[in-house]
Amino acid sequence: MDAKLKIFAMLMLFCLCKGGDASEQCGLSDLQVNQTALGNQTNVKLLCPGFNSSIRVDPSVISLDPDGKLCTLINGGAVRKADVIKFNYAWSTEFSFLPVSSGIACS
């Protein structure tokens, strides 16, 4: 993994599948990304091929890139040390959200 990228992705992937409509079939606990590196990380990209959700996910927090393979955190904006970015999604499969790349913005 790129040495510049020191984001610890703490993802509690807990999926409970139930009967019912699509929004009830899979509930997922909170997901969070913690920034542990010195300086700010910008344009943070996470591996998330085919990311989808049966509940609304705020695209200003995480969004699927046009390539359908990577997701971008907070519209590519700066993630500062000690920032915690949280979001929820519900889908029948889990996504790993492994960190792929980012830029460093020294402050």
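Numbering-wise (our numbering), the sequence shown opens with residue 37 and increments by one.
Glycine included, C-beta positions come from ideal geometry on N, C-alpha and C.
- Query: Going by other Cβ atoms of all chains shown within 10 Å of its Cβ, with 16 needed for buried, is Leu134 buried or exposed?
  - Reply: With fewer than 16 Cβ atoms within 10 Å of its Cβ, Leu134 is classed as exposed.
- Message: Quick check on Leu74: buried or exposed, where buried means 16 or more other Cβ atoms within 10 Å of its Cβ?
- Response: Exposed is the call here.
- Whether Ala141 touches Ala114 by CB criterion (7 Å): In this structure, Ala114 lies closer than 7 Å to Ala141 by Cβ.
- Query: Count the other CB atoms within 10 Å of the CB of Lys122; is the residue buried (16 or more) or exposed (fewer)?
  - Reply: Burial call: exposed.
- Item | Identified DSSP bridge partners for Cys107 | Leu82 and Leu100, per the DSSP bridge assignment.
- Query: If we call anything under 7 Å between Cβ atoms a contact, is Asn70 one with Val136?
  - Reply: With contacts defined by Cβ atoms closer than 7 Å, Asn70 and Val136 do not form a contacting pair.
- Message: Tell me which residue opens and which closes the beta strand (DSSP E) that Pro95 is part of.
- Response: Segment: none, Pro95 is in no beta strand (DSSP E) and carries neither H nor E.
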